[in-house]
Every structure is written in structure tokens, then in C-alpha cells.
Amino acid sequence: MLLKQGEQVSINFTNNLNESTTMHGHGMHLPAIMDGGPHQLIASNQTWSAQYTVNQKACTNWYHPHEMGKTAQQVYQGLAGLIIIEDNESQALSLPNNYGVDDIPLVIQDRIFDSSGQFVYAPSNQQIMWGYRGDVFITNGQVSPTFTAQKGLLRLRLLNGSNAGVYRFSFADNRQFTQIASDNSFLSQPVALNTVLLSPGERAEIIVDLSNDVNQSINFNVLEEVDQRTATILTINVNNTQAATTSLPTTLTTLATVDPSLATNLRSFTLEGMGNMGSPQFTINNQAMDMNVINESIILNQLEIWEITNTMNMPHNFHIHATHFQLIDRNGAALQVADNEKGYKDTVFIPAGETVRILVKMTDYADSNGKYMYHCHFLEHEDAGMMGQFVVTNI
Ligand code: C2O
Ligand code: CU
Ligand code: CU
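Under my numbering, the first residue of the sequence shown is numbered 3, with each subsequent residue one higher.
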């Protein structure tokens with residue numbers, strides 16, 4: 003769906019499943035009761051309405067179910083879609099923005115198909131532990147689709163919508179492309195790259211220049227880094243029609259520059275897990291998600307540093323609802339924050355053994371009863387306990 007900054011929306015989700023669900027706006031800055039988290043259950047055959055004023059910068063967000071213990075299964079079975087937010091700034095920039103022509107959403111996921119061509123969500127304990135990943139990649143629900151593009155600039159809005167895949171995207175000829183946006187905003191300037199890495203839930207908007215590719219086919223590929231599988235996720239055929247955009251602005255937006263030393267509170271989060279023989283259990287600070295426990299209470303407008311440590315020998319990531327954050331450093335080194343991670347983000351990748359520090363501030367929607375989530379977005383981990391709840395309070 004397409005939303006505009008400042009617009010008042012009322013979005014009805016009708017649950018036609020014969021089980022309950024919820025519908026969360028991932029990346030949306032909104033009141034907790036409109037968040038669609040585990041507390042906003044939609045019973046079978048009921049409609050739930052998300053009503054709010056769009057209150058954030060242009061970006062590419064998404065929606066997906068979030069019921070306790072059922073997120074992984076329901077996302078895997080297909081419940082996910084994009085929310086594109088525009089604002090005056092994004093509409094004034096000279097960027098490809100003709101949806102379906104030079105502005106293309108790509109939701110990438112992986113699946114395991116059985117011999118009858120169905121995909122069933124049936125992870126073993128081992129697959130819950132390491133994340134459920136398939137050997138077939140789907141792009142907007144299709145295997146290896148083809149797209150005919152005009153010559154000029156093409157914008158791709160990438161979402162890693164997988165349960166647990168860590169995706170590195172690149173073009174088959176290794177050409178350079180440009181990242182213009184991260185999860186929750188444009189980058190301040192375009193960043194040139196040859197590959198871009200997205201862990202589950204992360205987004206990137208990229209621009210590829212097809213000016214010199216008339217009558218050629220260009221493959222856009224993914225490498226899933228945990229299992230080291232590769233696939234072509236889109237074949238782009240370039241025709242001779244001139245695209246509307248041929249060059250990029252040098253400045254995209256202005257982002258807040260906040261000095262981390264001004265933070266007045268530090269919270270530490272340690273990501274842990276146990277496998278043993280039984281079903282895996284994941285924790286944050288030694289606590290598995292409990293619907294009845296508020297793990298953190300955060301004061302409105304207090305600038306905080308969140309230090310997140312992955313103690314395990316597997317990758318995780320960390321997602322916070324309702325807000326965006328900025329990275330401070332990785333393993334203590336600000337230089338390890340790549341230029342394309344310097345925009346506003348809501349999900350950060352944390353490789354095995356790494357510590358990430360981020361700057362967090364809750365700027366709106368104080369409500370001591372309104373519960374928001376933070377969690378690992380590898381959905382098997384989230385469902386197996388690697389999630390916590392916070393409220394935003396006035397004092
Ligand atoms: Cu994408 Cu808590 O969610
Ligand atoms: Cu979310
Ligand atoms: Cu995880």
C-alpha cells in the first residue's frame with residue numbers, strides 16, 4: 003500500500019483464515035494499540051482496523067503477522083506485503099518513482115517445496131535453532147521472474163522477507179549500483195556499492211543504471227550467506243525506451259546528527275540460546291518472551307544507547323517497533339558502521355559474536371499500557387523466545 007506523510011489512514015485487515023492472526027506495520031511510527039503486535043489479535047472472520055496519522059519520513063516498510071508463536075508459520079505461508087511511504091521531500095527529488103515502470107518492489111523470500119510442489123512450514127528442532135531456510139528463492143511470490151525495464155535509472159525496493167536467510171544481493175556482472183535508502187529513510191547521500199547485505203526484515207532501496215544495456219539481459223542475484231546458496235532473483239531485459247530519470251541527486255535528505263555522548267541512559271541486551279535435545283529456547287538477557295512481562299520501560303524523549311550483544315556462534319538481528327534508530331558502532335568501532343547503514347534503521351544485523359550499539363529515542367505515543375516489541379527478526383528465534391516488550395512513559 004502507498005501512504006503519504008501527514009495522511010490519516012484507516013486500514014482494515016479482515017482475517018479469512020480459520021485461525022487467529024495479527025497484522026503488524028513493520029517500521030511504522032504509531033501508537034502501540036495500532037502496532038498490530040501480539041496483543042492486537044484478530045480472531046478468525048474478524049476485521050481489525052489500524053488507524054493513525056502517517057508520521058515519518060519517506061521509506062519502504064512492510065506488514066506481516068505477529069501472533070505469539072505463529073509469526074514464522076504465517077509469514078512463511080504468505081502473509082506479508084509492502085507499505086511505501088512518500089513525503090513532500092521524496093516527491094520533489096528527481097528519482098525513479100513510477101511504480102511498476104521504473105520503481106519496482108522486490109520482496110525476496112526462500113522456501114522448501116515438497117515433491118507435490120507445495121511448501122509446508124514444518125521446521126525440525128535443528129531448523130528452529132538455525133532458522134528455517136529453503137533452497138528455492140521467490141521474488142514477489144514468483145520463482146526467477148523477468149522484468150522489462152527502460153534504459154536509464156531503475157529503482158529497486160528490496161525487502162528481505164525471509165524467515166531466516168541472510169541475503170547478499172549483487173548483479174551478475176558485478177556492476178556498481180547505488181543505495182539511496184535504508185529501513186526508515188533516505189541516506190543523506192547516495193552510496194555506491196557492488197553488493198548489499200540484508201538480514202530478515204531489513205530493506206534497501208537501490209538504483210541501477212541501465213543506460214548502456216539496451217537489448218541486454220542483466221541478472222540480479224542473491225547469495226544466502228548462511229547456507230551459501232545462490233540464485234537469480236530477477237532477470238532484467240532492457241528495451242530502447244528512455245527512462246524518466248538518468249541521473250541522481252547528490253543530496254537525498256537531512257538526517258539528525260546526534261552525539262552519542264549526550265545519551266543519558268544505557269540499556270544492554272544479550273542474545274542467547276540453548277539447543278540441547280529438546281526444542282530450542284532463545285532469550286534476551288536470559289529471559290524468554292512472556293506476554294505478561296514488561297521487560298523495559300522507556301521515558302519519552304530520553305536519548306539512550308542500546309548495546310546489543312550476540313553471544314552465539316550464529317547470526318541474529320535486532321528489530322525495535324515504533325521507532326527508528328541510528329548505529330553508533332560495531333564491536334566498539336564507529337568505522338565499522340558502513341556508509342549504507344548510516345540512515346534511519348529499525349532492524350540491525352548482528353553477526354556471530356558481535357556487539358552493536360545504537361542510539362534510540364522514543365519521541366511520541368507515551369502510554370504506560372501500550373506494549374511494543376523488540377526482537378530478533380529471524381522468525382524462528384522470535385517465536386522461540388528471543389523477544390521482549392517495552393512501554394513508553396511520560397516520566
Ligand atoms: Cu517485522 Cu516485530 O516485526
Ligand atoms: Cu516491527
Ligand atoms: Cu536470532
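Think of the CB as a built atom: it goes at the ideal place given N, C-alpha and C, for glycine as much as any other residue.
If you draw a straight line from the Cα of Y376 to the Cα of A183, it comes to about 22 Å. For the 9 Å CB-CB criterion, L81 and G154 do not form a contact. Proximity of the beta carbon of N186 to ligand 3 is not indicated: no heavy atom of the ligand is located closer than 8 Å.
Going by DSSP, D385 is part of the alpha helix (DSSP H) stretching over 381-385.
In this structure, L268 has its CB at a distance of at least 8 Å from all heavy atoms of ligand 3. Inclusion of E382 and I140 in the CB contact set at 9 Å is not warranted, their separation being larger than that value. Checking the 8 Å criterion, the Cβ of D366 is out of range of every heavy atom belonging to ligand 2.
Excluding the 5 residues flanking it on each side, I300 has same chain C-beta neighbours closer than 6 Å at M364, F392, V394, in chain order. Ligand 1 has no heavy atom closer than 8 Å to the beta-carbon of W308.
Of all alpha-carbon atoms in N196, D331, M3, P262, the one lying nearest the alpha-carbon of G83 is that of M3. If you ignore the 5 residues before and after W50, its C-beta comes within less than 6 Å of the C-beta of F15, I44, all in its own chain and listed in chain order. For I286 and G275, the gap between their C-alpha atoms comes out near 9 Å. In this structure the segment 159-177 touches the segment 107-124; the number of beta carbon pairs closer than 8 Å is three or more. The C-beta separation of D104 from R157 comes to about 6 Å, placing the pair in contact by the 8 Å criterion.
Assignment of A183 by DSSP, reduced to helix, strand and coil, places it in the strand class.
Within the same chain, and ignoring the five residues on either side of N17 in sequence, the residues whose Cβ sits closer than 8 Å to its Cβ are T23, I44, A45, S46, N47, Q48, T49, W50. Set against 8 Å, the gap from the CB of M375 to the closest heavy atom of ligand 1 is smaller. Cα atoms of S146 and I235: separation of roughly 5 Å, rounded to the nearest angstrom. Going by beta carbons, P317 and L97 fall outside the 9 Å limit. The set of residues with a C-beta under 6 Å from any non-hydrogen atom of ligand 2 comprises H26, H28, H321, H323, given in chain order. In summary, L108 is buried, with 16 or more beta-carbon neighbours lying within 10 Å of its beta-carbon over all protein chains present. When the alpha-carbon of N142 is set against those of L160, N127, T150, the nearest one is in L160.
In this structure, F271 places its C-beta atom within 9 Å of the C-beta atom of I310.
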